[in-house]
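Worksheet: one structure, shown below.
There are 2 protein chains.
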Amino acid sequence: MCSPKSFLLVLGLGGTLSAGAQTRLDYPIQAVPFTQVKLADDFWLPRLKTNTDVTIPASFARCESTNRVKNFEMAAAHQGKFATTYPFDDTDIYKTIEGASYSMSLYPDAKLQAYVDELIAKVGAAQEPDGYLYTARTIDPAHPQKWAGQARWEKERELSHELYNAGHLYEAAAAHYQATGQKNLLTIALKNADLVCSVFGPGKRSVAPGHEIVEMGLVKLYRVTGQAKYLSTAKFFLEARGHYPGYDPKSTDTWKNGSYWQDDKPVVDQREAEGHAVRAEYLYSAMADVAALTGDKQMLAAVDSIWNNLVAKKMYVQGGTGAAGDGERFGANYELPNATAYNETCASVADVFWNQRMFQLHGESKYVDVLEKVLYNGLISGVGLDGKSFFYSNAMQIRNGQRYHDTEPARAGWFECSCCPTNLVRLMPALPGYVYAQRGSDLYANLFISGTTNLVINKKKVQLEQQNNYPWAGDLRFVVRPAGAPAAFNLLVRIPGWARGAAMPSDLYTFAGGPVAAPVRITVNGQPVAYAMKNGYAVLARTWRKNDVVAVTLPLETRTVQANARVLDDRGKVALQRGPLVYCAEWADNDGRTSNIIVPAGTAFTPVAKPQLLNGITALTATVPVVRVDAAANSVSTAPRTLTAIPYYAWANRGKGEMTVWFPAQVTDVDLLSQPPAADKAAGK
Amino acid sequence: MCSPKSFLLVLGLGGTLSAGAQTRLDYPIQAVPFTQVKLADDFWLPRLKTNTDVTIPASFARCESTNRVKNFEMAAAHQGKFATTYPFDDTDIYKTIEGASYSMSLYPDAKLQAYVDELIAKVGAAQEPDGYLYTARTIDPAHPQKWAGQARWEKERELSHELYNAGHLYEAAAAHYQATGQKNLLTIALKNADLVCSVFGPGKRSVAPGHEIVEMGLVKLYRVTGQAKYLSTAKFFLEARGHYPGYDPKSTDTWKNGSYWQDDKPVVDQREAEGHAVRAEYLYSAMADVAALTGDKQMLAAVDSIWNNLVAKKMYVQGGTGAAGDGERFGANYELPNATAYNETCASVADVFWNQRMFQLHGESKYVDVLEKVLYNGLISGVGLDGKSFFYSNAMQIRNGQRYHDTEPARAGWFECSCCPTNLVRLMPALPGYVYAQRGSDLYANLFISGTTNLVINKKKVQLEQQNNYPWAGDLRFVVRPAGAPAAFNLLVRIPGWARGAAMPSDLYTFAGGPVAAPVRITVNGQPVAYAMKNGYAVLARTWRKNDVVAVTLPLETRTVQANARVLDDRGKVALQRGPLVYCAEWADNDGRTSNIIVPAGTAFTPVAKPQLLNGITALTATVPVVRVDAAANSVSTAPRTLTAIPYYAWANRGKGEMTVWFPAQVTDVDLLSQPPAADKAAGK
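As structure tokens, this is what we get:
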């Protein structure tokens, strides 16, 4: 999110970064850094505040109480016994520090800063003299944790995740440095990265990291320091994939053929989203980074193809990815079952990372459309409104008494493998960095969140303010305020696919009834203006005067969504969408049941603002047929009832019960159930 | 079915066999041979006639038209190219000859005999000089069929099935000799068996035959000839199992760990029914044979344990076995899904063989109870009332538009792998051999089929006649006719488990409402008699006078059956049984649907004789709630309707449509279907 420049130069700037002349290859579009964007809205800002006030303290407290901090203390003392389950538990501390760093730039907090500095000191004390940092081995190198392997990196392909730990350290260190200007964590990270770069590379050791993220992390260190070795080692790790001779290419077992961790083919030959979803989407993010930073056209072609596959064949309607709980994997094309949907929260986080990079590469709004879908639905469903209860997997359907994964249908405070909570911790406060982007005199408005940003466009300072009630209303207002004289630049406002009749930038989901009727309307200072559409953006080219007001009216209507007929589980069914929000029916609003609701074609929905419900939502209501079963009388009947649907992200905040995203539009038949659905059909992780 | 005696002795008797002094170990109980039992009933005799008039000619015609006969002609000429799909297609000819042989003893037929002799000549011509008989190799030994292997027996463990062909040859030859007294086929079989015995054995070649049956076949040759080598080679093949070092015992893949063909453990260490169901049940039959003929207590303990496992955990309520279509395998314990039930017809045939042997070993009626369940339900469902349409797999449930295996829900005339039709061909006319059995002065009446048998008991000739309308009525009549003076012996009448309140000799299925109220009543010449129950038999010890009449009244009531709660798919459901017959509901009698029927607890059923329906059946009717769906109105409702159930064996004779064996007793919920169930969910074979 910042241009590459030398470490010292960055240090000289005191940690704030500005766009400079691009002397090297990079993304053609740069995001406006989160440090320059100040949110002032009712939807996201309270969430960021909750993340700061509740989630981050809870996360640090759990890192302490579950012995994650103790592991570092023991490593520093070289005594004790690794005290958690996984060798990658170190990363929860790194990720929480990353989130806290973003957060402190929004809400300065001396006490938090002191605590973080104390933690960073513990991390540093656990680092070995040559830079190696991995508590699972350092505590007792003669008896490393069982998955760590006897020697360093020996089990990296399998389960040690040493480079995964390193990657999260680099991500955290870059964020901490960018947010606070301090270099205490960065110094630790660079020392470790220097070791990694000295061990791995052409003519040295090679491995395809078992769980990707070190590649993204090294790219961030390259951006911060400008040192080419971090970029070249990232590229080396990408190019290491697909060359291990120990797999059985004839096996259909994804563990045995290497596809589980995207190691079955060289990355430039990969064309579909395969294997473990989080690993994959971290890999694809890094492929985008390296393609942008090195101009590698083959890598670009591969990642473009993989994105098309994912968006056309492997994404749930609420943006979730990774259909299969067995291995936390993508399913086959169009394999998107509702009852057993896995949809790991971390995969949604990774998908936001990846789609932002794809946008920065191509400047097309479809990537931000997907990012928005993930963000407003399948991602924030991963954390409860209380900020301290989490989903690891995000269900598409809950039947009475059924439980498919983890804690569904009720959130948990923490997990033994607790990647998802800490990934939310770090994503949420970074959100301001996803609102705007720039390319020369083009200013992209990607997300619609009230607040202000201070920019430099064509060397002139400009403030832009957004005023809206998104996602509840479609009326957007942008107030432009050049600091001095009128400023000529192009404001590119994303016109979301959903406002142009496209539920998805593919034929995977479509709105029933075709394109929406109401057009998008745009005025400047109250006067309708002509504008060109380019790559999904309304291009407003103008010499802007202070307090020019752009008003954009998006047709925020309730639409029913149909899935591609190849998605067997959604055939004959509809989902509900209003603006970017996908809705669901939950037991609490529907007489305790949702699996009995029919939504016939032509059902008229009424949006109803409910400011007291679920921290304030707009619900959707309609009168629909509902099936009732009287078990004692062995009778089944249909009667009209009010369906109340809530935004998907808000489910599971009022106790356990049924939830449904897809509703049969026409009931052609029923299956008689003679027992409640079996409980605890855990499909494993 | 006959005592062992020397080949010449048998020849001297002109092919008829009588019980003699047992000088060697054998089954303690001997079945009364089919040649001594003449059926005269309305249920089985028409089926045997149809088998003779329709099935056998159709089967021979298909052996001709599908090139199975041509393979033998080409082998004789050593030219051409193997013209069918499988190297074991030879067996369809052997099995049809076997069926025709039994049939000809019931219905002498000079034309058929001439045709069979002609076929036998073709078989003999295809035999190589040393006795080897396997058209897939002999046609062109340099280019054998692809699964045959380059050298003899080389692929026996995998797919060549050379010993499977041999086993069916021996079975057919023994039956042909026993039924007709001719030795033309027997001579061919013995020549082949002599080769097999010279190749395989201690210090010679060893293999666990890939598809068992040669073991049973060799035992039959031992019975016919008295030559010990056939028995010892059968035992050798049994004991060869579980010693192949090439498997991976850690693999869970049944092909890789050898359990698919029961080769993972020595047979004496096997305790559960595992792997391919037909292979397994042929193996277990041979284990019973060898245990009886050699007194091997370890083998007896193994086969007893396997039987208990099968009957308590792996059998469908209609007697079918082999739940999994993938590999035609037994499922895990209690894994008995209805929608995808495989239930190969051949497995039912094999189960009849095996249970007869278990009865002969132990003299307990539970084995015949299982045999009867299989025979009256899941076995004869495998052939249509027309005698020329067949099921390879036998479904437990058909939903509109769904097809799981083969041709379900409509029968086919023949299959590429056509083992099932020809297995029915040979079993049906052998049925008279399952009605009675003897041990000294004990005469067992196992099956209740009108007709007469002529016996020698304690050296006195006795005729026994059965007069009943079984399975439609529970009143049995036995007329005893000693040829001369009154004869003292024990008549043991099997009192079926179902008449004593037990749906199954295990807790796998039970009758709802506990033991039946009506007692079994037995009179002799109209006077109630006291009798002892022994091993499930009513023991009538008496000095019998000519035309003594035994009347047994079995309480033939309609019962609802419940499955063990561990059978997930049957939870909260009931099946219907009346006497030995398990019933089903079929679309044709139920307004086109059966998946919408509820059978509440306490439903009163009325048996209704329908002489014109399905060749004459007693149907069951009741008024029950039925769910109706009005798709246009999106409404669901329940209304009373008449349920008409037919015997399971009679389904799929009136076109395609729904069929259900298990009915929900109480509907606790419904699943709304927005599309017809997907068609052609073939689960593979």
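For the record, the sequence lines run as chains S and H.
Residues in the first sequence are numbered consecutively from 1, following our numbering.
Residues in the second sequence are numbered consecutively from 686, following our numbering.
For each residue, glycine too, the CB sits at the ideal point set by N, CA and C.
Going by beta-carbon coordinates alone, are residue i and residue j separated by less than 8 Å?
i                       : j                       : result
residue 1082 of chain H : residue 1009 of chain H : no
residue 558 of chain S  : residue 620 of chain S  : yes
residue 1229 of chain H : residue 1174 of chain H : yes
residue 56 of chain S   : residue 100 of chain S  : yes
residue 479 of chain S  : residue 584 of chain S  : no
residue 993 of chain H  : residue 1266 of chain H : no
residue 674 of chain S  : residue 1353 of chain H : yes
residue 754 of chain S  : residue 286 of chain S  : Summary: the structure shown does not reach residue 754 of chain S, with chain S confined to residues 1 through 685, and so no result is reported for it.
residue 1222 of chain H : residue 1179 of chain H : yes
residue 1214 of chain H : residue 1184 of chain H : no
residue 915 of chain H  : residue 906 of chain H  : yes
residue 1022 of chain H : residue 1254 of chain H : yes
Following the continuous alpha helix (DSSP H) through residue i, name the residue where it begins and the one where it ends.
i                       : result
residue 1111 of chain H : 1104-1112
residue 1224 of chain H : Not the alpha helix (DSSP H): residue 1224 of chain H falls in the beta strand (DSSP E), residues 1222-1229.
residue 915 of chain H  : 913-924
residue 620 of chain S  : Careful: residue 620 of chain S lies outside any alpha helix (DSSP H), inside the beta strand (DSSP E) at 617-630.
residue 367 of chain S  : 365-373
residue 122 of chain S  : 110-126
residue 820 of chain H  : 820-823
residue 344 of chain S  : That residue, residue 344 of chain S, is in no alpha helix (DSSP H); it is neither H nor E in DSSP.
Go to residue i, then tell me how far its beta strand (DSSP E) extends in each direction, as first and last residue.
i                      : result
residue 695 of chain S : Residue 695 of chain S lies beyond the stretch modelled for chain S, which goes from 1 to 685, so this question has no answer here.
residue 165 of chain S : Not the beta strand (DSSP E): residue 165 of chain S falls in the alpha helix (DSSP H), residues 162-180.
residue 194 of chain S : Segment 184-199 is the alpha helix (DSSP H) holding residue 194 of chain S; no beta strand (DSSP E) there.
Compute the Euclidean distance between the alpha carbons of residue i and residue j, then round it to the nearest angstrom.
i                       : j                       : result
residue 590 of chain S  : residue 411 of chain S  : 21 Å
residue 68 of chain S   : residue 351 of chain S  : 27 Å
residue 1349 of chain H : residue 1263 of chain H : 19 Å
residue 22 of chain S   : residue 359 of chain S  : Confidence at residue 22 of chain S is low in this model, with a pLDDT of 42, below 50, so the placement of that residue should be treated as unreliable; the coordinate-derived value is given next. So the two alpha carbons sit approximately 18 Å from each other.
residue 1170 of chain H : residue 1233 of chain H : 13 Å
residue 143 of chain S  : residue 163 of chain S  : 20 Å
residue 574 of chain S  : residue 587 of chain S  : 18 Å
residue 96 of chain S   : residue 1256 of chain H : 48 Å
residue 372 of chain S  : residue 365 of chain S  : 10 Å
residue 1235 of chain H : residue 1129 of chain H : 14 Å
residue 1194 of chain H : residue 1181 of chain H : 15 Å
Per DSSP, what kind of secondary structure is residue i in: helix, strand or coil?
i                       : result
residue 667 of chain S  : coil
residue 315 of chain S  : strand
residue 251 of chain S  : coil
residue 407 of chain S  : coil
residue 610 of chain S  : strand
residue 211 of chain S  : coil
residue 129 of chain S  : coil
residue 904 of chain H  : helix
residue 958 of chain H  : coil
residue 1218 of chain H : strand
residue 1034 of chain H : helix
residue 383 of chain S  : strand
residue 1233 of chain H : strand
residue 1015 of chain H : coil
When you compare the CB of residue i with every CB in chain A, is at least one pair closer than 8 Å?
i                       : result
residue 1341 of chain H : Among the protein chains in the structure shown, which are S and H, there is no chain A.
To test your reading of the DSSP string, which unbroken beta strand (DSSP E) runs of 3 or more residues are found completely within the stretch 705-789 of chain H?
722-724
Just list the beta strand (DSSP E) runs in the stretch 439-522 of chain S, keeping only unbroken ones of 3 residues or longer that don't cross its boundaries, in chain order.
442-445, 451-457, 460-468, 475-482, 487-494 and 509-511
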